[in-house]
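To start, the structure itself, in structure tokens.
Residue numbers (this note's numbering): 4 to 260.
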């Protein structure tokens, strides 16, 4: 094919001075371009102003990024958030319907951190809002007083389940990953399967049972992705799935021309 696959990258809303902005981190768009081999298109968080079906008709894949904000708990019938918890309702109203429609349409999806949690919530799961306070799991948050290179360094081993997507990418049974999150999966959404777990049993990766490429990871494989073969394999597989959809879209367009 002669064109790059078009990969939508979700954005967060942020107030800067007197104006609101739609922003996405450089590490995400750079990973799409360099590691997945796609053309990243940042999608504004405009909620119901954008029809998910019209967005999907123009895209070959979707990356749901991490964020400082958390999904508002009413989306999964959870208790109110602790005071001071960052939320982004405009993002919630955009990403949750978009995930459901993308999965139904067979559009390749990669969810990272908040995107991983959005995937679980959108498909009927729930979240631990403060993993470190459950009494069951270790503290998965990054050390906030350390430089970013330390925060994103490998933090704990992760066990990969046999027979899943991650194993099919050539990843070994155990890899080391970073850990930069305060929330995590409580109840797994029914359409998803567990792909990987942390040593404490917390779910670290999920995929869709059957169908198109749908993968969610709790850690951050976009970080220095070209320097980590395991992280790179995830983005390359995602890019391959997007290229496959791009070829099919182009073939369908030629038939209907």
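All C-beta atoms in this analysis are idealised placements derived from N, C-alpha and C, irrespective of residue type, glycine included. These numbers were taken from a predicted model, which means no experiment stands behind them.
Three-state secondary structure assigned by DSSP to residue i
{"i": "residue 90", "result": "strand"}
{"i": "residue 223", "result": "coil"}
{"i": "residue 71", "result": "coil"}
{"i": "residue 52", "result": "helix"}
{"i": "residue 102", "result": "helix"}
{"i": "residue 217", "result": "strand"}
{"i": "residue 164", "result": "coil"}
{"i": "residue 81", "result": "coil"}
{"i": "residue 204", "result": "coil"}
{"i": "residue 138", "result": "coil"}
{"i": "residue 120", "result": "helix"}
{"i": "residue 95", "result": "helix"}
{"i": "residue 76", "result": "helix"}
{"i": "residue 33", "result": "helix"}
Per DSSP, cross-strand counterpart(s) of residue i
{"i": "residue 196", "result": "210"}
{"i": "residue 126", "result": "Its beta-bridge partners do not exist; DSSP assigns none."}
{"i": "residue 42", "result": "9"}
{"i": "residue 16", "result": "25"}
{"i": "residue 131", "result": "187"}
{"i": "residue 159", "result": "180"}
For residue i, the first and last residue of its enclosing alpha helix (DSSP H)
{"i": "residue 58", "result": "55–60"}
{"i": "residue 238", "result": "232–259"}
{"i": "residue 172", "result": "Segment: none, residue 172 is in no alpha helix (DSSP H) and carries neither H nor E."}
{"i": "residue 154", "result": "151–154"}
{"i": "residue 112", "result": "Here residue 112 belongs to no alpha helix (DSSP H); instead the beta strand (DSSP E) covers 112–115."}
{"i": "residue 63", "result": "Element bounds for residue 63: n/a, residue is neither H nor E."}
Cβ-based burial, residue i [other Cβ within 10 Å; buried from 16]
{"i": "residue 56", "result": "exposed"}
{"i": "residue 207", "result": "buried"}
{"i": "residue 120", "result": "buried"}
{"i": "residue 149", "result": "exposed"}
{"i": "residue 52", "result": "exposed"}
{"i": "residue 136", "result": "exposed"}
{"i": "residue 19", "result": "exposed"}
{"i": "residue 217", "result": "buried"}
{"i": "residue 259", "result": "exposed"}
Boundaries (first-last residue) of the beta strand (DSSP E) holding residue i
{"i": "residue 177", "result": "177–180"}
{"i": "residue 23", "result": "22–26"}
{"i": "residue 12", "result": "9–13"}
Proximity to residue i [Cα-Cα], best of the options
{"i": "residue 85", "options": "237, 186, 112 and 204", "result": "186"}
{"i": "residue 115", "options": "232, 204, 251 and 32", "result": "32"}
{"i": "residue 159", "options": "143, 218, 237 and 228", "result": "143"}
{"i": "residue 23", "options": "48, 36, 13 and 37", "result": "48"}
{"i": "residue 227", "options": "94, 16, 256 and 154", "result": "154"}
{"i": "residue 118", "options": "41, 233 and 71", "result": "71"}
{"i": "residue 36", "options": "6, 60, 147 and 171", "result": "6"}
{"i": "residue 45", "options": "122, 98 and 199", "result": "98"}
{"i": "residue 66", "options": "132, 30, 231 and 214", "result": "30"}
{"i": "residue 61", "options": "257, 249, 260 and 259", "result": "249"}
{"i": "residue 128", "options": "88, 74 and 184", "result": "74"}
{"i": "residue 214", "options": "156, 112, 90 and 238", "result": "112"}
{"i": "residue 164", "options": "122, 209, 25 and 14", "result": "209"}
{"i": "residue 203", "options": "107, 40 and 140", "result": "140"}
{"i": "residue 130", "options": "79, 10, 87 and 216", "result": "79"}
{"i": "residue 132", "options": "108, 147 and 87", "result": "87"}
{"i": "residue 94", "options": "122, 50 and 102", "result": "50"}
{"i": "residue 89", "options": "197, 110, 64 and 15", "result": "15"}
C-beta neighbour in chain D for residue i, strict 8 angstroms
{"i": "residue 242", "result": "The question asks about chain D, but that chain is absent: this structure has only one protein chain."}
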